Structure formats: structure tokens, C-alpha cells
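Enquirer: Got a structure here, written out as C-alpha cells. Questions coming.
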Amino acid sequence: MRPLDLEQVEAPEEVEVLEPEEDFEQFLLPVINELREDIAALTREHGRAYMRNRSKLWEMDNMLIQIKTQVEASEESALNHLQNPNDGVEGRVTKRCEKAEEKAKEIAKMAEMLVQLVRRIEKSSRPQEEKSVFGILGIAIWKTQIQGNHERVF
């Protein structure tokens, strides 16, 4: 490096010094206003972000409730299936069997009543009137067919 020559050094430029009020109005006030606007914008964004997060948390909470409900329902269904593996099929079959048993009982009662009727008629009638007994029995059967199984003729 070469030594610095004092004659070659230039004199510093003169800088204009402003009054403090002019300095504040010209340079600092615009910066302060921009900072205030930035702070207001950040505050608004912070509020929006808080509401967005709160909304997302609320949605997630609702989804968790729905998932929990579905899981509980599927657990209950699985437990019911384990306890009654063929409940759907057996349930329908059982109902149909019960209905068939009820109808069979009704038919058995009707047949029993017909037998009792025939016996009463036989006891009260003479041998010549046997033809009329079967005629009465035929009429009773015919009436039950017309009226249906739910009403009793006797």
C-alpha cells in the first residue's frame, strides 16, 4: 500500500443540517405512519388468523365427534353381530316361524272345535242322521273359509 498523501484527500462535503421540527416532519413522521399501518395490518391479520384457527379447531372437533359416533355405532354393531351372528337372517326366520306357529295353533283350535262339534252332534243324533252331521260339518268348514281364519264360526 502506498502512503496516503494529505494533499490528495478531499475536503468533506458540507451536509445541510435541518431543524429538529423539519427533520421530524420530513423523515420520521412518514416512517412512524408506515409503522402504525404495519402494526394495524399485523393486528388485523393476527385476529383473522386466530379466527381461522378457531374455526379449523371447531371443524376438527365436529369431525372427531362424527368419527367417534361412527366408531361407537360400528362397535355396537360388531358386538351385536358377535352375540347374535345371524340376527338379521335368524330374526326374519324367527318371526316367520312364530307367525306360522300362531297360524298352526289357530288351525289346531279350529280343528279341535270341529271335532267337538261332531262329537256333540253324534251324541245327540241318531244313526239315521249321520248324513246330516257331515252336512253340518261341511257348512261349518265352508263358513270358516268364507269368513277367514281370524273369525271363529262356533
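Using UniProt numbering, read the sequence shown as starting at 1 and increasing by one per residue. Ideal placement from N, C-alpha and C gives every residue a C-beta, glycine not left out. Please read all numbers here as calculations on a predicted model, not as lab measurements.
Can you tell me whether DSSP reads Glu-13 as helix, strand or coil?
Expert: In the sequence shown, residue 13 corresponds to position 13, counting from 1. If DSSP states are grouped into helix, strand and coil, Glu-13 belongs with coil.
Enquirer: Please specify which runs of the alpha helix (DSSP H), each continuous and at least 4 residues long, are wholly inside the stretch 17–101, giving them in chain order.
Expert: Correct list: 20–23 and 29–83.
Enquirer: Taking the straight line between their C-alpha atoms, what separation do you get for Glu-13 and Arg-44?
Expert: What you label residue 13 is simply residue 13 of the sequence shown in a count that begins at 1. What you label residue 44 is simply residue 44 of the sequence shown in a count that begins at 1. Distance between the alpha carbons of Glu-13 and Arg-44 is about 46 Å.
Enquirer: At the level of alpha carbons, what is the spacing between Leu-29 and Asn-53?
Expert: One-based indexing of the sequence shown puts residue 29 at position 29. One-based indexing of the sequence shown puts residue 53 at position 53. Going by the C-alpha atoms only, they are around 36 Å apart.
Enquirer: In whole angstroms, what separates the C-alpha of Glu-34 from that of Ile-67?
Expert: Locating residue 34 in the sequence shown gives position 34, counting from the first residue. Locating residue 67 in the sequence shown gives position 67, counting from the first residue. Taking the straight line from one Cα to the other gives about 48 Å.
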